[in-house]
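Protein chains in written order, with the working numbering: chain S, 243 to 598; chain R, 27 to 259. Quick reminder that beta carbons are idealized off the backbone N, C-alpha and C, glycines included. The structure presented is a predicted model; accordingly, all values stated were derived computationally and were not measured.
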């Protein structure tokens with residue numbers, strides 16, 4: 243999946259003039275409030291007709307102002323999760339979920355987002371976090387080609403945010419849908435994103451894999467304190483004699499602590515960048531249980547830290563280590579490394595076996 | 027009050043008024059919703075002109091409105107002659123003409139009420155429905171209409187009450203023919219011209235007041251419900 247965006251629009255008081263590519267995975271649009279992030283998402287959704295530009299999704303032209311092409315909103319199949327939820331107040335949760343009419347059974351999405359107990363309620367009787375979960379479910383059930391999430395957590399207090407984050411992890415691991423995630427909160431963006439687009443005053447100031455862009459001065463001041471990480475999917479295997487549980491990920495076997503569920507259960511694993519250590523080769527004896535073969539995809543130096551984008555099979559991981567620790571590795575793109583992952587990661591159970 | 031005071035002629039006026047007002051309201055409803063939607067949601071050249079035109083019957087002397095209707099729809103009127111020759115349709119001096127006059131006079135009230143209700147609906151909800159794949163018609167029927175429903179009913183009730191009371195435009199356009207165009211207000215006026223009909227006048231006046239009160243109370247109750255609904259009760 244590739245979404246290619248190039249738009250220019252004159253709002254009078256502000257100008258929008260930018261271009262970027264979203265290569266699938268989670269692409270975060272990061273920047274201060276009023277930078278134009280929401281306008282970009284609205285243009286992708288078809289809610290804003292840009293004065294000039296071209297938006298292409300996988301070869302299909304959605305907008306081309308020169309060719310006078312404009313696919314209307316309802317034909318774009320973009321699952322849009324609005325900042326304010328925008329649930330229909332006169333419909334129950336179940337009716338809201340069914341509005342998109344994709345014909346898909348809601349059961350899986352209801353399980354994924356734990357909506358079972360809310361189905362007969364009206365939106366006025368939901369908490370802020372519950373509303374956003376329903377809004378995400380409604381977007382998923384419309385059969386979208388990609389998800390557009392515009393500051394889905396911005397209207398929530400910290401406790402409610404913490405309540406939603408695990409669901410976002412599950413969502414990313416479960417649906418494999420490409421996501422455009424808009425936020426001005428670095429910790430949200432870095433926690434999930436694989437691609438980062440920095441936007442200021444209606445322009446892109448830098449874009450690329452998170453590992454490269456996270457060191458940019460626009461985000462770096464907050465980045466060292468924000469937990470960087472990625473989400474991958476795993477299948478729970480046998481519980482080991484020492485209490486660790488075997489989990490099969492696309493990139494290799496992991497042994498993790500904590501209650502992950504019965505064998506065969508699927509889990510979303512949030513792997514923090516600080517939980518990964520790297521080695522060029524393993525010594526004969528190593529005090530680690532999780533070793534993945536990875537290759538370096540992207541790298542960026544910022545101050546005393548090096549941020550790395552790694553490929554573990556089809557999965558993307560982000561690692562961050564001190565420059566001093568990285569120096570002996572003589573890092574270069576394409577290099578094969580051993581990634582040592584701590585056995586403690588945040589894991590969320592996923593419903594239903596994935597049907598591809 | 028003793029309803030026996032009403033003779034057959036007065037009863038006929040009451041029945042006719044109810045029929046004229048009901049038809050006027052029901053027929054102007056779809057057009058009123060469309061115009062209100064256009065005024066509330068669309069920006070187009072002539073927006074101000076349309077708004078002014080809709081409100082004209084509210085500020086013009088009713089006699090002028092009635093005269094304009096006569097010029098337009100009378101048997102020799104600009105449109106009236108064509109309607110008569112093409113469809114054999116005559117509205118002048120018929121109860122249908124009375125309904126048209128009542129509908130035109132009530133139209134501004136209807137449009138104002140519906141427009142307010144539409145403007146209270148968050149356009150973001152309609153956008154959200156569109157991102158979920160709904161066509162414009164489906165968005166209107168499943169999101170906008172249910173949310174404005176109580177406001178719409180309130181507007182219709184007001185329009186009905188206004189139509190019940192319409193006098194000036196009606197008597198100018200279609201006169202006051204018993205059984206055809208003699209509505210309650212015309213009947214009151216006619217009865218007042220004859221000495222000794224004060225009882226009938228009083229009875230018709232009381233009926234007018236009752237209809238007006240019920241309409242206003244109903245309309246306000248529905249408007250309150252509209253506000254609660256949009257707040258998400």
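Got a sec: is the Cβ-Cβ distance from residue i to anything in chain C below 8 Å?
i, result
"residue 170 (chain R)", "The question asks about chain C, but that chain is absent: this structure's protein chains are S and R."
What's the C-alpha gap between residue i and residue j?
i, j, result
"residue 498 (chain S)", "residue 525 (chain S)", "22 Å"
"residue 568 (chain S)", "residue 548 (chain S)", "7 Å"
"residue 515 (chain S)", "residue 379 (chain S)", "29 Å"
"residue 37 (chain R)", "residue 184 (chain R)", "23 Å"
"residue 68 (chain R)", "residue 453 (chain S)", "46 Å"
"residue 92 (chain R)", "residue 99 (chain R)", "10 Å"
"residue 429 (chain S)", "residue 400 (chain S)", "12 Å"
"residue 476 (chain S)", "residue 440 (chain S)", "31 Å"
"residue 233 (chain R)", "residue 115 (chain R)", "33 Å"
"residue 255 (chain S)", "residue 278 (chain S)", "12 Å"
"residue 587 (chain S)", "residue 481 (chain S)", "16 Å"
"residue 332 (chain S)", "residue 57 (chain R)", "25 Å"
"residue 540 (chain S)", "residue 147 (chain R)", "48 Å"
"residue 139 (chain R)", "residue 382 (chain S)", "37 Å"
"residue 28 (chain R)", "residue 130 (chain R)", "The predicted position of residue 28 (chain R) is uncertain, since its pLDDT is 49 and thus under 50; a value taken from the coordinates is nonetheless stated next. Cα to Cα, residue 28 (chain R) sits roughly 34 Å from residue 130 (chain R)."
"residue 406 (chain S)", "residue 563 (chain S)", "28 Å"
"residue 187 (chain R)", "residue 111 (chain R)", "34 Å"
"residue 63 (chain R)", "residue 136 (chain R)", "12 Å"
"residue 296 (chain S)", "residue 326 (chain S)", "28 Å"
"residue 576 (chain S)", "residue 523 (chain S)", "15 Å"
"residue 239 (chain R)", "residue 54 (chain R)", "22 Å"
"residue 222 (chain R)", "residue 230 (chain R)", "15 Å"
"residue 262 (chain S)", "residue 247 (chain S)", "5 Å"
"residue 357 (chain S)", "residue 336 (chain S)", "9 Å"
"residue 536 (chain S)", "residue 507 (chain S)", "25 Å"
"residue 432 (chain S)", "residue 423 (chain S)", "11 Å"
"residue 580 (chain S)", "residue 311 (chain S)", "49 Å"
Among residues of its own chain, excluding the 5 on either side of residue i, which ones have a beta-carbon nearer than 6 Å to its beta-carbon?
i, result
"residue 266 (chain S)", "243, 420"
"residue 81 (chain R)", "134"
"residue 145 (chain R)", "66"
"residue 245 (chain S)", "264, 299"
"residue 180 (chain R)", "139, 245, 248, 249"
"residue 59 (chain R)", "140"
Beta strand (DSSP E) containing residue i: first to last residue?
i, result
"residue 580 (chain S)", "578 to 583"
"residue 262 (chain S)", "257 to 264"
"residue 294 (chain S)", "294 to 299"
"residue 198 (chain S)", "Residue coverage of chain S in this structure runs from 243 to 598, which leaves residue 198 (chain S) outside it and unanswerable."
"residue 251 (chain S)", "245 to 252"
"residue 219 (chain R)", "Residue 219 (chain R) -> no beta strand (DSSP E), and no H or E assigned at all."
"residue 194 (chain R)", "Where residue 194 (chain R) is concerned, there is no enclosing beta strand (DSSP E), although the alpha helix (DSSP H) it sits in stretches over 194 to 200."
Less than 7 Å between C-beta atoms, sequence neighbours within five positions excluded: which residues of the same chain meet that for residue i?
i, result
"residue 556 (chain S)", "492"
"residue 165 (chain R)", "152, 155, 156"
"residue 355 (chain S)", "375, 378, 379, 409"
"residue 40 (chain R)", "210, 233"
"residue 490 (chain S)", "476, 477, 479"
"residue 513 (chain S)", "471, 472, 474, 559, 583, 587"
In terms of alpha-carbon separation, which member of the options lies closest to residue i?
i, options, result
"residue 519 (chain S)", "S:561, S:254, S:495", "S:561"
"residue 375 (chain S)", "S:385, S:388, S:413", "S:413"
"residue 268 (chain S)", "S:330, S:382, S:437", "S:437"
"residue 485 (chain S)", "S:503, S:474, S:470", "S:503"
"residue 182 (chain R)", "R:42, R:48, R:102", "R:48"
"residue 201 (chain R)", "R:70, R:96, R:33", "R:96"
"residue 505 (chain S)", "S:545, S:578, S:591, S:546", "S:591"
"residue 237 (chain R)", "R:54, R:124, R:190", "R:190"
"residue 276 (chain S)", "S:292, S:262, S:258", "S:258"
"residue 558 (chain S)", "S:434, S:310, S:271", "S:434"
For the alpha helix (DSSP H) that contains residue i, what are its first and last residues?
i, result
"residue 161 (chain R)", "Per DSSP, residue 161 (chain R) belongs to no alpha helix (DSSP H) and is neither H nor E."
"residue 542 (chain S)", "First-last for residue 542 (chain S): 533 to 544, but that is the beta strand (DSSP E), not the alpha helix (DSSP H)."
"residue 353 (chain S)", "349 to 354"
"residue 409 (chain S)", "400 to 417"
"residue 82 (chain R)", "73 to 85"
"residue 308 (chain S)", "Residue 308 (chain S) -> no alpha helix (DSSP H), and no H or E assigned at all."
"residue 47 (chain R)", "34 to 67"
Quick one: residues in its chain with C-beta nearer than 8 Å to the C-beta of residue i, no 5 flanking neighbours on either side, listed in chain order?
i, result
"residue 51 (chain R)", "129, 132, 136, 182, 185, 186, 189"
Report task. Please list the residues of the stretch 148 to 168 of chain R that have a C-beta atom closer than 9 Å to any C-beta atom in chain S, keeping them in chain order. Result -> Correct list: 148, 150, 151, 153, 154, 155, 156, 157, 158, 159, 160, 161, 162, 164, 165, 168.
Query raised in the report: Relative to chain R, which residues along the stretch 328 to 341 of chain S have a C-beta separation below 9 Å, given in chain order?
Result: Per Cβ criterion, the list reads 328, 329, 330, 331, 332, 333, 341.
Requested in this report: Identify each residue in the stretch 291 to 320 of chain S for which the Cβ-Cβ distance to at least one residue of chain R is less than 9 Å, and report them in chain order.
Outcome: Going along the stretch 291 to 320 of chain S in chain order, one finds 314, 315, 316, 317, 318, 319, 320 with a Cβ nearer than 9 Å to chain R.
Query - Interface positions of the stretch 406 to 417 of chain S facing chain R (Cβ-Cβ less than 9 Å), listed along the chain - result: Residues passing the 9 Å Cβ filter: none.
Query raised in the report: Going along the stretch 120 to 139 of chain R in order, which residues come within less than 7 Å of chain S, judged by CB to CB distance?
Result: Answer in chain order: no residues at all.
Report task. Scan the stretch 170 to 202 of chain R for residues whose Cβ lies nearer than 7 Å to a Cβ of chain S and list them as they occur along the chain. Result -> Along the stretch 170 to 202 of chain R, the positions whose C-beta sits under 7 Å from a C-beta of chain S are 172, 173, read in chain order.
Query raised in the report: Looking at chain R, which residues of the stretch 274 to 289 of chain S have a Cβ within less than 7 Å of any of its Cβ atoms?
Result: Listed by position along the chain: 287, 289.
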